Amino acid sequence: MFRIAVCDDEARYVQQTANYLQEYLHVHPALTGQIHTFQRGQELLHQAEIGGGFDLYLLDIIMPELNGIQTGQRLRELGQGGEIIYLTTSSDYAVDSYSVRAFFYLLKPLEKERLFQVLDAAVEKLNDRREKAILISTRDAPRRVPLDQILYVERVGRSLRYYRSHDTLDSLSLRVAFHTAVGPLLSDPRFCQ
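Here it is in structure tokens:
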């Protein structure tokens with residue numbers, strides 16, 4: 000299940016984008032998704048804070064109060080690793096979109112076929128990211144954590160502490176050597192001991 004956020008201050012663009020997303024999901028029956036719409040960046044940020052983030056964000060750039068770039072920056076500060084696709088009437092902000100590691104930048108009016116191509120690539124990347132994860136046994140329950148959320152890991156007492164951009168997770172007591180416990184991380188080129 001993909002959680003998708005659409006944020007644009009113009010209701011007609013919110014509706015058009017949501018309709019295209021519904022059609023995209025209909026054409027790809029193997030995908031399931033929930034589409035949430037917002038007309039202000041602040042509303043989206045509030046929802047991301049209280050209800051968790053989204054897998055995919057389709058953001059307008061030119062909006063009152065918080066523009067799309069500022070909204071994207073705040074999402075990243077919250078540790079939201081979802082893919083951001085900017086939808087805007089101006090190409091003036093394309094360079095700024097790199098500061099939030101945007102996945103793509105599309106100009107309005109949206110061309111459905113082009114949006115679908117970008118969505119195909121974004122879904123592929125999201126699926127790859129979901130597959131590259133480790134299972135961490137914590138006191139509460141096992142947690143599946145994508146590798147791209149882990150900054151580093153250290154041994155603290157008899158546990159592993161996983162540092163992520165927005166929090167830390169402690170594993171249950173180790174029953175194997177540190178090197179063995181972090182083996183799944185070391186098999187990924189992003190990590191070294």
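If you read the sequence shown in numbering that gives the first Met the number 0, its first letter stands for residue 0, the second for the next number, and so on.
Glycine residues also receive a C-beta, built at the ideal position from the N, C-alpha and C atoms.
Just so we're clear, the structure is a prediction, and the values are computed from it rather than from any experiment.
Exposure label - residue i; buried when at least 16 CB within 10 Å
i: Met-62; result: buried
i: Val-155; result: exposed
i: Val-99; result: buried
i: Val-152; result: buried
i: Val-122; result: buried
i: Leu-150; result: exposed
i: Ala-10; result: exposed
i: Ala-251; result: Nothing in the structure corresponds to residue 251, since the chain is present only between 0 and 192.
Residues of its chain near residue i, where Cβ-Cβ distance is below 8 Å and the 5 sequence neighbours each way are ignored
i: Leu-168; result: Ile-135, Thr-137, Arg-142, Val-144, Arg-160 and Tyr-161
i: Arg-73; result: Gly-40, Leu-44 and Leu-65
i: Gln-46; result: Ala-4, His-35 and Phe-37
i: Gln-69; result: Gly-40
CA-to-CA distance, residue j to residue i, given in whole angstroms
i: Val-175; j: Ser-158; result: 10 Å
i: His-165; j: Gly-78; result: 5 Å
i: Ile-84; j: Ser-186; result: 30 Å
i: Ala-4; j: Thr-16; result: 10 Å
i: Ile-60; j: Leu-125; result: 22 Å
i: Phe-115; j: His-25; result: 12 Å
i: Arg-128; j: Gly-81; result: 10 Å
i: Glu-112; j: Ala-180; result: 46 Å
i: Tyr-19; j: Phe-103; result: 17 Å
i: Leu-146; j: Ser-89; result: 35 Å
i: Ala-140; j: Arg-189; result: 26 Å
i: Pro-108; j: Gln-192; result: 49 Å
i: Gln-195; j: Arg-163; result: Nothing in the structure corresponds to residue 195, since the chain is present only between 0 and 192.
i: Gln-21; j: Glu-110; result: 15 Å
i: Glu-130; j: Glu-76; result: 24 Å
i: Pro-28; j: Asp-91; result: 36 Å
i: Ala-120; j: Gly-182; result: 30 Å
i: Leu-30; j: Ala-93; result: 29 Å
CB-CB length for residue i against residue j, believed under 8 Å
i: Met-0; j: Gly-52; result: Between Gly-52 and Met-0 the Cβ distance is about 14 Å, and since that is not below 8 Å, they are no contact.
i: Leu-184; j: Ile-133; result: 7 Å
i: Gly-50; j: Leu-58; result: Not really, about 17 Å apart at Cβ, beyond 8 Å.
Close beta carbons around residue i, own chain, < 7 Å, minus the five adjacent residues each side
i: Tyr-23; result: Phe-115 and Leu-118
i: Phe-177; result: Arg-154
i: Leu-173; result: Arg-157, Ser-158, Leu-159 and Ala-180
i: Glu-48; result: Leu-77
Beta-carbon proximity list for residue i, same chain, < 6 Å, skipping 5 on both sides
i: Leu-194; result: No statement about residue 194 is possible, as the shown extent of the chain runs from 0 to 192 and does not include it.
i: Ser-96; result: Tyr-85 and Tyr-104
i: Arg-2; result: Gln-33, Phe-53 and Asp-54
i: Val-13; result: Val-5, Asp-7 and Thr-36
i: Tyr-56; result: Ala-4, Gly-81 and Ile-83
Item to check | Inter-stretch contact (C-beta, 8 Å, three-pair minimum) for the segment 57–77 and the segment 32–44 | outcome: yes
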